[in-house]
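J.: Structure incoming, see below.
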């Protein structure tokens, strides 16, 4: 008799526990993700130059439907999405022309900036058209600028973002190394030039990462994602010199946006 009562009590307790677990599951499954208001800022690496399928309304900013901000927004359906990144943008351009959509309700911001301030385009033009010594000298000038002037300019744009969107999570993405050293390129730049350009990319990324961290922002390096997909690799995710469409040169392809930038942003957003 006593054993029967104990068995019944145990069954009742077990049933109650199971019902509690079963009742908790639907509530957990039904919890909706918080709405996200997302603004994508930056230069051509964020606008998607080189990826094609540009929004005609974006004009010379060349915002691509294959750029990582558009891909992330399509996959995550944010409650609002503003895409103001623009080809050729410097820090001052971001501050002057791209911050309009930011406000106190902005939850998420992405950004690539600093390469144009450091003279990215002129460095590559010099290296492609002039001698090895001229190339390396120009690279060293760009690195000196990154050390002396760029930090203050990054502080200016980072501070402006925080002033307009004080609660936002800001994800600052870096730049890839351009070349696989010892790769399959038989023509073009010398190995010394390629190594110098890769070193400049690392130097720029280090400066950008430090300033981002000092402002409480998250830095996402894309170098690991692009490793094995640089120019001179068997499957490059970056355009080399494109003489028929010079603006695409040294920019990520559509695969570079979806396979390189998007996963890094997604893991930090």
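In this note's numbering, the protein residues as written are 2 to 270.
A virtual CB, placed ideally from N, CA and C, is assigned to each residue, including glycine.
(1) So is residue 131 buried or exposed if we call it buried at 16+ other beta carbons inside 10 Å?
(2) Should residue 55 be counted as a contact of the ligand ZN given a C-beta to heavy atom distance under 7 Å?
(3) Mind checking which residues open and close the alpha helix (DSSP H) that includes residue 130?
(4) With a threshold of 16 other CB atoms inside 10 Å of the CB of residue 187, please say whether the residue is buried or exposed.
(5) By how many angstroms is the C-alpha of residue 196 removed from the C-alpha of residue 203?
(6) Helix, strand or coil: how does DSSP classify residue 219 here?
(7) Which ranges does the alpha helix (DSSP H) cover as unbroken runs of at least 4 residues, wholly within the stretch 222 to 256, from first to last along the chain?
(8) Can you give me the Cβ contacts of residue 213 inside the same chain, cut-off strictly under 6 Å, excluding the 5 residues immediately before and after it?
(9) DSSP puts residue 149 in a beta bridge; with which residues?
(10) Would the beta-carbon of residue 144 fall within 8 Å of that of residue 104?
(11) With three or more beta-carbon pairs closer than 8 Å as the criterion, would you say the stretch 39 to 48 touches the stretch 69 to 80?
(12) Quick one, are the C-beta atoms of residue 257 and residue 230 less than 8 Å apart?
(13) Put residue 265 into one of helix, strand or coil per three-state DSSP.
(14) To the nearest angstrom, how far is it from the Cα of residue 26 to the Cα of residue 270?
(15) Helix or strand or just coil, what does DSSP make of residue 213?
(16) Would you please state the rounded distance, in angstroms, between the beta carbons of residue 261 and residue 226? I believe it to be under 8 Å.
(17) In chain order, which alpha helix (DSSP H) runs of at least 4 residues are fully inside the stretch 62 to 133?
(18) Enumerate in chain order the residues of its own chain whose CB-to-CB distance from residue 22 is below 7 Å, with the five nearest sequence positions on each side excluded.
(19) Would DSSP call residue 50 helix, strand or coil?
(20) Looking at residue 89: is its Cβ nearer than 8 Å to the Cβ of residue 117?
(21) Could you have a look at residue 140 and say whether DSSP puts it in helix, strand or coil?
(22) I'd like to confirm the pairing. Which residues does DSSP put opposite residue 41 in its beta bridges?
(23) On the premise that residue 133 lies in contact with residue 80, defined as a C-beta separation below 8 Å, what is that separation, rounded to the nearest angstrom?
(24) Which same chain residues end up closer than 8 Å to residue 28 when comparing Cβ atoms and leaving out the 5 residues on each side of it in sequence?
T.: The structure says:
(1) Working through the chain shown from its first residue, we reach residue 131 at position 130. Using a 10 angstroms sphere on the CB of residue 131, the tally of other CB atoms stays under 16, which defines it as exposed.
(2) Questions concerning the ligand ZN fall outside what the structure shown contains, since it holds no ligand whatsoever.
(3) For the purposes of this step, residue 130 is identified with residue 129 of the chain shown, where counting begins at 1. Element bounds for residue 130: 121 to 130.
(4) Taking the first residue of the chain shown as position 1, residue 187 is located at position 186. So residue 187 counts as exposed.
(5) Counting from one through the chain shown, the residue named residue 203 turns up at place 202. Counting from one through the chain shown, the residue named residue 196 turns up at place 195. Taking the straight line joining both Cα atoms gives about 11 Å.
(6) For the purposes of this step, residue 219 is identified with residue 218 of the chain shown, where counting begins at 1. In this structure, residue 219 counts as strand in the three-state DSSP scheme.
(7) You should have 224 to 227.
(8) For the purposes of this step, residue 213 is identified with residue 212 of the chain shown, where counting begins at 1. Within the same chain, 173, 220 come within 6 Å of residue 213 by CB-CB distance, once the 5 residues on both sides are set aside.
(9) The residue labelled residue 149 in the question sits at position 148 within the chain shown. The bridge partners DSSP lists for residue 149 come to none.
(10) As a working note, residue 144 is residue 143 in the chain shown. As a working note, residue 104 is residue 103 in the chain shown. Inclusion of residue 144 and residue 104 in the CB contact set at 8 Å is not warranted, their separation being larger than that value.
(11) In short, these stretches touch, since the Cβ pair count reaches three.
(12) Looking up residue 257 in the chain shown gives position 256. Looking up residue 230 in the chain shown gives position 229. Taking 8 Å as the cut-off, the Cβ atoms of residue 257 and residue 230 count as close.
(13) Locating residue 265 in the chain shown gives position 264, where the first residue counts as 1. Correct three-state label for residue 265: helix.
(14) Counting from 1 along the chain shown, the entry for residue 26 is found at position 25. Counting from 1 along the chain shown, the entry for residue 270 is found at position 269. Residue placement at residue 26 cannot be trusted, given a pLDDT of 37 that sits under 50; the coordinates are not used to answer.
(15) Position 212 of the chain shown, counting from 1, holds the residue named residue 213. In the structure shown, the three-state DSSP call for residue 213 is helix.
(16) Position 260 of the chain shown, counting from 1, holds the residue named residue 261. Position 225 of the chain shown, counting from 1, holds the residue named residue 226. With a beta-carbon spacing of about 4 Å, residue 261 and residue 226 fall inside the 8 Å limit used to define contacts.
(17) Segments of the alpha helix (DSSP H) lying fully in the stretch 62 to 133: 69 to 77, 92 to 98, 121 to 130.
(18) Translated into the one-based positions of the chain shown, residue 22 becomes position 21. For residue 22, the pLDDT reaches just 36, beneath the cut-off of 50, and the residue's location in the model is therefore unreliable, although a value from the coordinates is still provided. A distance below 7 Å between beta-carbons, with the five flanking residues on each side excluded, links residue 22 to no residue of its chain.
(19) Mapped onto the chain shown, residue 50 falls at position 49. If DSSP states are grouped into helix, strand and coil, residue 50 belongs with coil.
(20) Position 88 of the chain shown holds residue 89. Position 116 of the chain shown holds residue 117. Against a cut-off of 8 Å, the Cβ pair of residue 117 and residue 89 comes out as a contact.
(21) The residue labelled residue 140 in the question sits at position 139 within the chain shown. In the three-state reduction of the DSSP assignment, residue 140 falls in the helix class.
(22) On the chain shown, residue 41 is found 40 positions in, with the first residue counted as 1. Residue 41 is bridged by DSSP to 84, 111.
(23) Walking along the chain shown from the start, residue 80 turns up at place 79. Walking along the chain shown from the start, residue 133 turns up at place 132. That belief does not hold up - the Cβ atoms of residue 80 and residue 133 are roughly 52 Å apart, past 8 Å.
(24) On the chain shown, residue 28 is found 27 positions in, with the first residue counted as 1. Residue confidence is low: residue 28 scores 38 on pLDDT, short of 50, so the model does not pin down where it sits. Its coordinate-derived value is still stated next. Once the five neighbours on either side are set aside, residue 28 has no close Cβ partner at all.
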